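Have a look at the structure below, then the notes.
Residue numbers (the numbering used here), protein chains in the order written: chain C, 813 to 1104; chain P, 402 to 546.
Set out below in structure tokens:
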């Protein structure tokens, strides 16, 4: 039977059949994903609105330039490329699982579901590392009161403004309290762990040490950056997490032979739709936060 | 083929299962290729390949526009092939795609609005500060009190 010719003759809207030629569950999954697309879209557009309303925004190539095991080397885009390829790869294994499901090949579905689940966990692990790196990072920033301080990237602090000229940095050092000077000096010598001996130095000695180290100091940036970054990547990460949970359930049900009993693997297909959507959202999160 | 293919009473015509995995791998390489091009363009942004960020706004905006279009291409291939929307009948495609057209207005209107806030703030809040913080306004208030 030629499907194309038969479709032409079908009166899709005259009742007695689904006009979408798809099961209820699949159509509803599509509608859910569409509504989720609007949720993510609204978040990202809100981020864009705030970013467009600012004269300065954090440069992603400065914020996201670390790679595990490479210390303080400047490697823009490297880690996020890894995360992107992990997600693309797990999307491919998911679509291969669906493909094996069409062929009623239980072993094949099991194999590819396992690979997809591993990909999901790998992505989550990368995100956990990245968040930890940002939340515990130490950047010397010039505060609005004219003093210097060591700031991490959180929802309340953003050290990613313009670079401060050297003279302004030296002037600000004079205004900075002894306690903050100890903090700044200790970021210069992580290996030593000599916080106690630093506290014993006078402010002038600390200022000399810091000046000699030629550190980069920036103004603080818009506070909204951290909230949007952690909010949106967190919401996406939660989707990845729930996708992994759904995939694990699909794996167990496959293993127990539930889909073989049912005669089709449509559940795997619907879980696949969700998983691909997570990849789809990452395309735009990647675009908005890391690339441009 | 039809004995297991029809999964529910709503399905009038079952899709013939794909023969091989060739198309999946083709799309995988396509997505990887587009991502590598995006990364190369983004790396150029990091290394100021397109001129000084302070002066060559148009060139940088153009590169960012190209990256956005490449991302839309990736989105199209993921939805069309990986999510098999391209294999569904036209009615299902339209019921998903037509509402998404709202995004055209959504993006344009809100980015325009954000830009307008910036212009208004810069115009009525004195010269644009080197930082975006509104610290000068706070000291003015303090002086009046």
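Even glycine gets a Cβ: it sits at the ideal position worked out from N, Cα and C. It should be emphasised that the depicted structure is a prediction, and the values quoted were computed from it without experimental measurement.
Residues of the segment 502 to 516 of chain P with a C-beta atom less than 7 Å from some C-beta of chain C are 504, 507, 508, 511, 512, 514, 515 and 516, listed in chain order. In the DSSP assignment, residue 908(C) falls within the alpha helix (DSSP H) that extends over 890 to 914. For residue 976(C), the three-state secondary structure derived from DSSP is coil. Interface annotation, residue 495(P): not in contact with chain C, CB-CB separation never under 7 Å. Across the segment 477 to 494 of chain P, CB contacts with chain C closer than 7 Å involve 479, 480, 483, 484, 489, 490, 492 and 493, in sequence order along the chain. Within a 10 Å sphere around the beta-carbon of residue 893(C) sit 16 or more other beta-carbons, which makes this residue buried. Sequence-distant Cβ neighbours of residue 920(C) in its own chain, meaning closer than 6 Å and more than five residues away, are 912.
Nearest CB-CB separation between residue 829(C) and chain P: below the 7 Å threshold. Excluding the 5 residues flanking it on each side, residue 879(C) has same chain C-beta neighbours closer than 6 Å at 887, 890 and 891, in chain order.
Between the segment 1075 to 1092 of chain C and the segment 1047 to 1067 of chain C, the count of C-beta pairs closer than 8 Å reaches three or more; the two stretches touch. Contact with chain C is found for residue 447(P), since one of that chain's Cβ atoms lies less than 7 Å from the residue's Cβ.
The Cβ of residue 463(P) sits no closer than 7 Å to any Cβ of chain C. Under the three-state reduction of DSSP output, residue 486(P) falls in the helix class. Taking 7 Å as the threshold, the shortest C-beta distance from residue 962(C) to chain P does not fall below it.
Against chain C, the CB of residue 466(P) has no partner CB under 7 Å away; the residue lies outside that interface.
By the neighbour-count definition (other C-beta atoms within 10 Å, threshold 16), residue 1026(C) is an exposed residue.
Among the residues facing chain C, residue 519(P) is included, as its CB has a counterpart in that chain under 7 Å away.
Within chain C, 904, 907, 908 and 911 have C-beta atoms less than 8 Å from the C-beta of residue 425(P), given in sequence order. Taking the C-beta atoms as reference points, residue 479(P) is found no nearer than 7 Å to residue 486(P). At least 7 Å separates the beta-carbon of residue 938(C) from that of residue 981(C). Taking the Cα of residue 522(P) as reference, the smallest distance to any Cα among 903(C), 962(C), 945(C) and 867(C) is reached at 867(C). A contact between stretches requires three or more CB pairs, one per stretch, nearer than 8 Å, and the segment 409 to 416 of chain P meets this requirement with the segment 825 to 839 of chain C. Among the residues of the segment 863 to 885 of chain C, those with a Cβ less than 9 Å away from any Cβ of chain P are 863, 864, 865, 866, 867, 868, 869, 871, 872, 873, 874 and 877, in the order of the chain. Only exposed fits residue 1050(C), as fewer than 16 other CB atoms lie within 10 angstroms of its CB. Residue 969(C) holds the alpha-carbon nearest to the alpha-carbon of residue 952(C) among 944(C), 969(C), 940(C) and 943(C). In the three-state DSSP reduction, residue 954(C) falls in the strand class (E or B). When rounded, the separation of the alpha-carbon atoms in residue 917(C) and residue 438(P) is 36 Å.
Residue pairing by DSSP places residue 962(C) opposite 952(C) in a beta bridge. Within the segment 431 to 455 of chain P, contact with chain C at the beta-carbon level (separation under 9 Å) is assigned to 432, 433, 436, 437, 439, 440, 442, 443, 444, 446, 447, 448 and 454.
By the CB criterion at 7 Å, residue 1018(C) and residue 1000(C) fall outside the cutoff.
Under the three-state reduction of DSSP output, residue 1030(C) falls in the strand class. If you check the CB distance, residue 974(C) and residue 1031(C) come in under 7 Å. Here the segment 495 to 512 of chain P makes no contact with the segment 423 to 437 of chain P; the two share fewer than three CB pairs at distances below 8 Å. Straight-line spacing of the CA atoms in residue 1011(C) and residue 1035(C) works out to 30 Å. For residue 1043(C), the enclosing alpha helix (DSSP H) covers residues 1036 to 1067.
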